[in-house]
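J.: Residue numbers (our numbering): 15 to 432. Note that beta-carbon positions come from the ideal geometry of N, C-alpha and C, so glycine has one too. Take a look at this one; I'll ask things after.
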């Protein structure tokens with residue numbers, strides 16, 4: 015039987031790993047400049063965490079979670095998003111006792127959702143995410159939008175638009191819910207069974223249905239920003255002012271509600287048209303009540319998630335995928351002497367030089383071909399004459415020039431050329 019990766023999962027081979035390294039190094043660089051620290055949370059969590067945090071009326075909980083019973087008869091879920099786990103860890107380790115706000119990120123966070131695999135959205139995909147706990151300021155919302163745009167631009171993507179919305183809070187949302195129900199009530203018979211259930215339990219989710227007939231009806235629904243309480247309205251105005259101050263163009267999109275119940279006030283998406291209908295490359299918002307909802311203190315939060323696989327598809331469409339940087343800088347070739355090649359390579363490695371050799375001791379011609387395939391910039395050649403003289407012949411693979419250097423001075427000569 016030939017085993018294959020499960021549907022909706024994907025291997026990252028050594029030929030592709032450099033692309034991920036490019037994204038990761040950029041994300042680490044940008045988050046360091048913005049004062050964020052890394053958090054890593056487990057792949058599995060108690061199912062109740064997502065029922066309470068994400069919301070039992072969301073598509074994620076109702077359709078997409080990978081949930082199972084473990085041997086202790088506990089309900090366990092592979093995490094379908096990164097925020098709830100980060101909040102759980104923040105509470106469990108009493109990080110709220112540290113200086114606030116706490117700004118953190120996660121990188122290559124595996125996320126599992128059972129849905130039809132499509133461009134950039136796999137059943138197991140990976141997210142870069144940012145979470146800021148302890149700030150209720152709209153300026154923090156603007157800051158993380160700026161961070162996300164900085165990451166995207168520095169990995170090579172600059173044709174982007176920012177869409178924002180406010181979905182209010184517990185003060186103004188009930189009135190809006192009533193307006194939504196009044197609008198959707200005459201159309202219920204035309205809508206999908208899931209929307210009929212949402213109508214009573216969580217009418218805001220009616221705006222997030224993926225069924226075409228429901229989307230068409232929702233297009234004419236009332237806008238949340240017309241029902242905001244004074245606090246939410248002020249927050250939304252400050253966000254717009256802050257984005258303008260940062261010279262970040264934006265548009266208000268009243269259709270953005272995001273797919274998770276924990277959002278309050280600000281929600282946003284960063285869009286690219288390069289990958290068609292799946293053009294959202296980053297989405298996030300504010301979740302001021304989530305900490306309390308999962309048993310923690312009353313602390314506001316805001317964050318975003320960005321799919322790594324989707325970013326790679328976007329970079330490919332821009333023809334900006336980074337080139338591989340070769341597997342070694344120096345190839346060591348001690349003719350007919352595998353042990354000599356090994357020790358020479360090890361000597362260079364101790365000086366921080368990427369070095370490789372051929373353990374099978376093939377012919378010089380075969381080894382030179384191998385060095386080219388490895389992307390070696392230099393080849394250090396030791397034949398009988400060189401061994402007798404205590405020197406190494408250093409060959410530049412680009413210019414084909416060869417220079418003779420002493421064995422003791424080899425590392426310095428290589429570092430100078432590199």
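With three or more C-beta pairs closer than 8 Å as the rule, is the region 376 to 396 touching the region 343 to 351?
T.: yes
J.: For residue 291 and residue 242, what's the separation of their Cα atoms in angstroms?
T.: As a working note, residue 291 is residue 277 in the chain shown. As a working note, residue 242 is residue 228 in the chain shown. Note that residue 291 has pLDDT 43, beneath the 50 cutoff, so the model's placement of it is unreliable and the number below is only indicative. Answer to the nearest angstrom: the Cα atoms are 30 Å apart.
J.: With which residues is residue 58 paired in a DSSP beta bridge?
T.: Taking the first residue of the chain shown as position 1, residue 58 is located at position 44. Residue 58 pairs with 92.
J.: With burial defined as no fewer than 16 other Cβ atoms inside 10 Å of the residue's Cβ, what is the status of residue 15: buried or exposed?
T.: Numbered from its first residue, the chain shown carries residue 15 at position 1. Result: exposed.
J.: Does the region 121 to 132 come close enough to the region 77 to 93 to have 3 or more Cβ pairs within less than 8 Å?
T.: yes
J.: Looking at the unbroken beta strand (DSSP E) that takes in residue 418, where does it start and where does it end?
T.: If you number the chain shown from 1, residue 418 lands on position 404. That run of the beta strand (DSSP E) goes 416 to 420.
J.: Can you list, in chain order, the residues of its chain with a C-beta nearer than 7 Å to that of residue 355? Leave out the 5 residues immediately preceding and following it.
T.: The count along the chain shown starts at 1 and reaches residue 355 at position 341. If we look at residue 355 and ignore the five residues flanking it on each side, its Cβ neighbours are 346, 347, 348, 371 and 372.
J.: Residue 118 to residue 145, Cα distance in whole Å?
T.: Here residue 118 is taken as the residue at index 104 of the chain shown, counted from 1. Here residue 145 is taken as the residue at index 131 of the chain shown, counted from 1. Cα-Cα distance, rounded: 5 Å.
J.: For residue 185, I'd like the list of residues in its chain whose CB is within less than 8 Å of its CB, leaving aside the five on either flank, ordered along the chain.
T.: Along the chain shown, read from residue 1 onward, the residue named residue 185 stands at position 171. Result list for residue 185: 243, 245 and 246, in chain order.
J.: List the endpoints of the continuous beta strand (DSSP E) containing residue 321.
T.: Here the question's residue 321 lines up with position 307 in the chain shown. 315 to 321 is the extent of the beta strand (DSSP E) around residue 321.
J.: Reducing DSSP to helix, strand and coil, say where residue 311 ends up.
T.: In the chain shown, the residue the question calls residue 311 occupies position 297. Correct three-state label for residue 311: coil.
J.: What does the Cβ neighbour count give for residue 320, buried or exposed, with the cut at 16 atoms within 10 Å?
T.: Within the chain shown, numbered from 1, the residue matching residue 320 stands at position 306. When all chains shown are included, residue 320 counts as buried.
J.: Can you tell me the Cβ-Cβ gap for residue 296 and residue 283, rounded? I've got them flagged as a contact below 8 Å.
T.: Translated into positions along the chain shown, residue 296 becomes position 282. Translated into positions along the chain shown, residue 283 becomes position 269. About 7 Å; that satisfies the 8 Å criterion.
J.: Grouping DSSP H, G and I as helix and E and B as strand, with all else coil, what is residue 79?
T.: As a position in the chain shown, residue 79 is number 65, starting the count at 1. Three-state result, residue 79: coil.
J.: Could you round the C-beta distance between residue 64 and residue 100 to whole angstroms and report it? I think they count as a contact, below 8 Å.
T.: On the chain shown, position 50 is the one that residue 64 refers to. On the chain shown, position 86 is the one that residue 100 refers to. The pair is not a contact, with the Cβ atoms about 13 Å apart (cut-off 8 Å).
J.: Just verifying my parser: in three-state terms, what is the DSSP assignment at residue 135?
T.: Taking the first residue of the chain shown as 1, we reach residue 135 at position 121. Strand.
J.: With respect to the alpha helix (DSSP H) encompassing residue 403, which residues constitute its N-terminal and C-terminal limits?
T.: What you label residue 403 is simply residue 389 of the chain shown in a count that begins at 1. Looking at the DSSP string, the run of the alpha helix (DSSP H) that includes residue 403 is 398 to 403.
J.: Residue 414: buried (16+ other C-beta within 10 angstroms of its C-beta) or exposed?
T.: The residue you call residue 414 lines up with position 400 of the chain shown. Residue 414 is exposed by the Cβ-count criterion.
J.: Does DSSP classify residue 379 as helix, strand or coil?
T.: Translated into the one-based positions of the chain shown, residue 379 becomes position 365. Residue 379 falls in the helix class under three-state DSSP.
J.: State the CB to CB distance for the pair residue 23 and residue 136, rounded to an integer number of angstroms; the pair is presumed to be in contact (CB under 8 Å).
T.: Here residue 23 refers to the residue found at position 9 of the chain shown. Here residue 136 refers to the residue found at position 122 of the chain shown. Indeed, because the Cβ distance is near 6 Å, the residues count as touching under 8 Å.
J.: Mapping the DSSP letters down to three states, classify residue 188 as helix, strand or coil.
T.: In the chain shown, residue 188 corresponds to position 174, counting from 1. It is helical.
J.: Once DSSP output is grouped into helix, strand and coil, what is the label at residue 407?
T.: Locating residue 407 in the chain shown gives position 393, where the first residue counts as 1. Reduced to three states, the DSSP call for residue 407 is strand.
J.: Is residue 404 closer than 7 Å to residue 429 when the C-beta atoms are compared?
T.: Within the chain shown, numbered from 1, the residue matching residue 429 stands at position 415. Within the chain shown, numbered from 1, the residue matching residue 404 stands at position 390. Against a cut-off of 7 Å, the Cβ pair of residue 404 and residue 429 comes out as no contact.
J.: Leaving out five residues before and five after residue 170 in sequence, what residues of the same chain have Cβ atoms less than 7 Å from its Cβ?
T.: By 1-based counting over the chain shown, the position of residue 170 is 156. Taken in chain order, the residues that qualify are 329, 332 and 334.
J.: Between residue 180 and residue 250, is the Cβ-Cβ spacing less than 7 Å?
T.: Residue mapping note: residue 180 aligns to position 166 of the chain shown, counting from 1. Residue mapping note: residue 250 aligns to position 236 of the chain shown, counting from 1. Yes, they are a contact pair.
J.: Rounding to the nearest angstrom, what Cα-Cα distance links residue 412 and residue 29 in this structure?
T.: On the chain shown, residue 412 is found 398 positions in, with the first residue counted as 1. On the chain shown, residue 29 is found 15 positions in, with the first residue counted as 1. Rounded to whole angstroms, residue 412 to residue 29 spans 22 Å at the Cα level.
J.: If you follow the alpha helix (DSSP H) that residue 300 is part of, which residue opens it and which one closes it?
T.: Locating residue 300 in the chain shown gives position 286, where the first residue counts as 1. Premise fails: residue 300 lies in the beta strand (DSSP E), 294 to 300, not in any alpha helix (DSSP H).
J.: Could you check the C-alpha separation between residue 62 and residue 68 for me, to the nearest Å?
T.: As a first step, residue 62 is located in the chain shown; it is residue number 48 there, counting from the start. As a first step, residue 68 is located in the chain shown; it is residue number 54 there, counting from the start. Looking at the two C-alpha atoms, the distance is approximately 10 Å.
J.: Would the beta-carbon of residue 256 fall within 7 Å of that of residue 177?
T.: What you label residue 256 is simply residue 242 of the chain shown in a count that begins at 1. What you label residue 177 is simply residue 163 of the chain shown in a count that begins at 1. Not in contact: residue 256 and residue 177 (Cβ atoms no closer than 7 Å).
J.: When we look at the beta-carbon of residue 47 and count the other beta-carbons within 10 Å, is it buried (16 or more) or exposed?
T.: By 1-based counting over the chain shown, the position of residue 47 is 33. Residue 47 comes out exposed.
J.: Just the Cα atoms here: how many angstroms apart are residue 205 and residue 281?
T.: Here residue 205 is taken as the residue at index 191 of the chain shown, counted from 1. Here residue 281 is taken as the residue at index 267 of the chain shown, counted from 1. Rounded to the nearest angstrom, the two C-alpha atoms are 25 Å apart.
J.: Return yes when the Cβ of residue 74 is within less than 7 Å of the Cβ of residue 82, no when it is not.
T.: For this step, residue 82 is matched to residue 68 along the chain shown. For this step, residue 74 is matched to residue 60 along the chain shown. Taking 7 Å as the Cβ cut-off, residue 82 and residue 74 do not qualify as a contacting pair.
J.: Where does residue 227 sit, in a helix, a strand or coil, going by DSSP?
T.: Along the chain shown, read from residue 1 onward, the residue named residue 227 stands at position 213. The answer is helix: DSSP assigns residue 227 an H, G or I state.
J.: Pull up the distance between the alpha-carbon of residue 401 and that of residue 384, whole angstroms please.
T.: By 1-based counting over the chain shown, the position of residue 401 is 387. By 1-based counting over the chain shown, the position of residue 384 is 370. In a straight line, the C-alpha of residue 401 is about 22 Å away from that of residue 384.
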